[in-house]
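The sequence shown begins at 1 in UniProt numbering and counts up by one.
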Amino acid sequence: MDTTEAGARELDLGDPGYRDRFAVPPAEGGGYPETAYFAGNSLGLQPRAVRAELLEDLDDWARLGVEGHLEARRPWLPYHSLLTETAARLVGALPSETVIMNSLTVNLHLLMVSFYRPRGRRTKILIEDSAFPSDSYAVRSQARFHGLDPDTTVVRLDGGEVLDFLAREGDTVALVLLGGVNYLTGELLDIPAITAAGHAAGAVVGWDLAHAAGNVPLRLHDWGPDFAAWCSYKYLNSGPGAVAGAFVHERHHDNPELPRFEGWWSTEEATRFEMAPVSRPPSTVEAWQISNPPILAMSPVRTSLRIFDEIGMDTLRARSLRLTGYLEMLLEETLATRPVTLLTPREAERRGCQLSLRVDDAATIARRLRTEHGVCADVRNPDVVRIAPVPLYSTYHDCWRAATALAAVIGGRP
Ligand SMILES: *Cc1c(COP(=O)(O)O)cnc(C)c1O
Numbered sequence: 001m002d003t004t005e006a007g008a009r010e011l012d013l014g015d016p017g018y019r020d021r022f023a024v025p026p027a028e029g030g031g032y033p034e035t036a037y038f039a040g041n042s043l044g045l046q047p048r049a050v051r052a053e054l055l056e057d058l059d060d061w062a063r064l065g066v067e068g069h070l071e072a073r074r075p076w077l078p079y080h081s082l083l084t085e086t087a088a089r090l091v092g093a094l095p096s097e098t099v100i101m102n103s104l105t106v107n108l109h110l111l112m113v114s115f116y117r118p119r120g121r122r123t124k125i126l127i128e129d130s131a132f133p134s135d136s137y138a139v140r141s142q143a144r145f146h147g148l149d150p151d152t153t154v155v156r157l158d159g160g161e162v163l164d165f166l167a168r169e170g171d172t173v174a175l176v177l178l179g180g181v182n183y184l185t186g187e188l189l190d191i192p193a194i195t196a197a198g199h200a201a202g203a204v205v206g207w208d209l210a211h212a213a214g215n216v217p218l219r220l221h222d223w224g225p226d227f228a229a230w231c232s233y234k235y236l237n238s239g240p241g242a243v244a245g246a247f248v249h250e251r252h253h254d255n256p257e258l259p260r261f262e263g264w265w266s267t268e269e270a271t272r273f274e275m276a277p278v279s280r281p282p283s284t285v286e287a288w289q290i291s292n293p294p295i296l297a298m299s300p301v302r303t304s305l306r307i308f309d310e311i312g313m314d315t316l317r318a319r320s321l322r323l324t325g326y327l328e329m330l331l332e333e334t335l336a337t338r339p340v341t342l343l344t345p346r347e348a349e350r351r352g353c354q355l356s357l358r359v360d361d362a363a364t365i366a367r368r369l370r371t372e373h374g375v376c377a378d379v380r381n382p383d384v385v386r387i388a389p390v391p392l393y394s395t396y397h398d399c400w401r402a403a404t405a406l407a408a409v410i411g412g413r414p
């Protein structure tokens with residue numbers, strides 16, 4: 001394989017991706033006009049189509065005032081439903097199982113209200129030891145909310161220990177709540193196998209897909225977890241703090257026993273303006289909606305999901321495997337000769353697009369990548385640098401720049 005800069009340019013000609021659809025930030029240093037952007041796992045880049053469509057929604061508000069609820073180009077009353085089909089296809093779910101609402105941790109809480117129901121011996125919540133802190137705080141606060149001690153209720157395991165624990169002590173587990181792709185290591189867990197094992201043990205299974213949605217193909221309906229949630233500002237490129245997604249499997253839609261927090265958006269749309277004192281929830285995940293959604297924040301999600309829908313997750317995953325494989329190949333020499341190790345699994349089917357490097361003083365490494373080389377990676381203190389080639393907008397040349405810059409800044413010349 002040709003590892004030169006010219007070789008990278010050549011690969012880009014043959015496998016160009018979709019970069020022209022995105023606004024790529026200018027580079028600070030490194031002698032190239034654009035940043036080599038590898039932080040799409042933290043905040044995805046802006047699709048160029050977002051601005052014009054958001055302006056249309058703003059104009060409708062200016063032009064119509066309250067009438068926009070029904071008369072806007074994209075009426076606000078059913079606006080969320082314009083996002084449902086594309087979101088459902090993205091995660092492999094039925095439209096009735098998928099809704100865009102709230103933010104990720106809020107959705108996890110709302111879903112745990114329904115699906116974390118400790119009883120007798122069965123009280124534990126399994127999470128990964130390297131869970132994202134928000135998920136840890138969420139499950140600990142749920143334990144406390146039920147009057148339980150979070151230190152004994154929340155069990156933190158390595159991804160590889162989950163199946164063993166379920167086999168040994170599954171009858172104590174109320175909820176398995178794991179990240180589909182781990183935010184720190186980039187490891188993709190075997191979602192169908194863990195879901196099946198959790199169910200076999202009698203537990204409820206939910207997935208946090210923050211790093212999986214838009215990164216790897218998902219088949220939530222067939223894999224059968226009880227619920228899932230994800231954010232839209234990472235791989236889904238829908239803007240900082242973007243409105244998140246939620247999935248509830250259809251087998252739960254008609255269960256009157258399930259507790260749920262409701263508001264006026266939980267009731268059947270046709271009955272919403274009857275202003276009745278008692279809700280009539282639809283038998284879909286929309287019953288978990290509470291408030292009317294922020295239309296101006298939904299707009300970029302709508303635009304961005306359409307891009308995934310047009311291209312398709314299988315096409316994106318195929319390109320992702322090529323890009324990340326190429327970056328890994330370019331990093332081999334640095335890994336062999338410098339004090340840095342790869343945290344991410346080597347097997348392509350056990351990871352998404354992200355490669356995580358363990359290296360001393362990751363913050364300095366990342367700062368130098370940015371200021372001296374125009375390469376934007378991100379840091380999880382104290383010792384992890386995460387590099388995510390995103391198949392929509394990253395290029396082989398970006399990967400070449402990242403690998404070359406890493407070789408220069410890790411134990412190399414100043
Ligand atoms: C990014 C991320 C979050 C962030 O939570 P918000 O509610 O969107 O602020 C939570 N959990 C995981 C696993 C994440 O990767």
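Positions of the beta carbon are idealized from the N, C-alpha and C atoms, including for glycine.
At what residues does the beta strand (DSSP E) containing residue i begin and finish?
i: W230; result: F227 to W230
i: I387; result: V384 to I387
i: A246; result: G245 to V248
Evaluate residue i with the Cβ neighbour count: other Cβ atoms within 10 Å of its Cβ, from every protein chain shown; 16 or more gives buried, anything less gives exposed.
i: A143; result: buried
i: V278; result: exposed
i: R9; result: exposed
i: H252; result: buried
i: L330; result: buried
i: P381; result: Contrary to the premise, residue 381 reads as Asn rather than Pro in this sequence. Result: exposed.
i: R367; result: exposed
i: residue 415; result: This structure gives no information on residue 415, because the portion of the chain shown stretches from 1 to 414.
i: L296; result: exposed
i: F273; result: exposed
i: V285; result: buried
i: V173; result: buried
i: S283; result: exposed
i: D59; result: exposed
i: L55; result: exposed
i: F145; result: exposed
i: V359; result: buried
i: M1; result: exposed
i: R73; result: exposed
i: L110; result: buried
i: G159; result: buried
i: A276; result: exposed
i: V181; result: buried
i: R168; result: exposed
Given residue i, which residues of its chain have a CB within under 8 Å of its CB, disregarding the five upstream and five downstream residues?
i: A244; result: I100, M101, N102, S103, L104, V106, N107, A229, W230, C231 and S232
i: P414; result: Caution is warranted here: a pLDDT of 43 is assigned to P414, below 50, making its placement in the model unreliable, and the coordinate value is therefore given only provisionally. Around P414: no qualifying Cβ.
i: P293; result: Y79, H80, I100, M101, V243 and W265
i: P25; result: E34, T35, Y37, L45 and C376
i: Y393; result: G17, Y18, R19, R21, F22, V24, Y37, G40 and L45
i: R121; result: D171 and T172
Could you spell out where the alpha helix (DSSP H) holding residue i opens and where it closes?
i: R319; result: M313 to T337
i: W207; result: That residue, W207, is in no alpha helix (DSSP H); its beta strand (DSSP E) goes V204 to D208.
i: D57; result: A49 to L64
i: D129; result: Note, D129: premise wrong, no alpha helix (DSSP H); not H, not E.
i: E10; result: E5 to G14
i: E71; result: G68 to E71
i: H253; result: Here H253 belongs to no alpha helix (DSSP H), and DSSP marks it neither H nor E.
i: H221; result: L220 to W223
Identify, in the order they occur along the chain, each residue of the same chain with its Cβ nearer than 6 Å to the Cβ of residue i, setting aside the five sequence neighbours on each side.
i: E262; result: S279
i: Y183; result: F132 and H211
Going along the chain, which residues of its own chain have a beta-carbon closer than 7 Å to the beta-carbon of residue i, five neighbours each way excluded?
i: I290; result: F261, E262, G263, W265 and S266
i: L70; result: L77
i: R63; result: none
Should residue i be counted as a contact of ligand 3 given a C-beta to heavy atom distance under 7 Å?
i: C353; result: In terms of ligand content, the structure shown lacks ligand 3 and carries ligand 1 instead.
At least 3 beta-carbon pairs within less than 8 Å: the stretch 233–243 vs the stretch 295–304: yes
Would the stretch 209–229 and the stretch 89–98 be scored as touching if the rule is three or more Cβ pairs under 8 Å? yes
3-residue-minimum beta strand (DSSP E) runs that sit fully inside the stretch 87–124, ordered along the chain: 98–100
Is there contact between the stretch 132–147 and the stretch 166–186, where contact requires at least three CB pairs shorter than 8 Å? yes
Report yes or no: do the stretch 375–391 and the stretch 350–358 share at least 3 C-beta pairs separated by less than 8 Å? yes
Taking only runs that begin and end inside the stretch 146–200, name each unbroken alpha helix (DSSP H) of 4 or more residues, in chain order. 150–153, 162–169 and 191–200
Indicate whether the contact test is met: 3 or more Cβ pairs, each with one atom in the stretch 332–346 and one in the stretch 305–319, closer than 8 Å. no
Measuring CB atoms only, is the stretch 36–55 touching the stretch 253–267, in the sense that at least three cross pairs come out at less than 8 Å? no
Does the count of Cβ pairs from the stretch 202–210 and the stretch 144–157 closer than 8 Å reach three? no
Cβ contact check for the stretch 366–383 and the stretch 26–39: 3 or more pairs under 8 Å: yes
Complete alpha helix (DSSP H) runs within the stretch 343–404 (minimum length 4 residues, chain order): 362–373
Answer yes if the stretch 331–340 comes into contact with the stretch 72–81, meaning at least three C-beta pairs across the two stretches below 8 Å, and no otherwise. no
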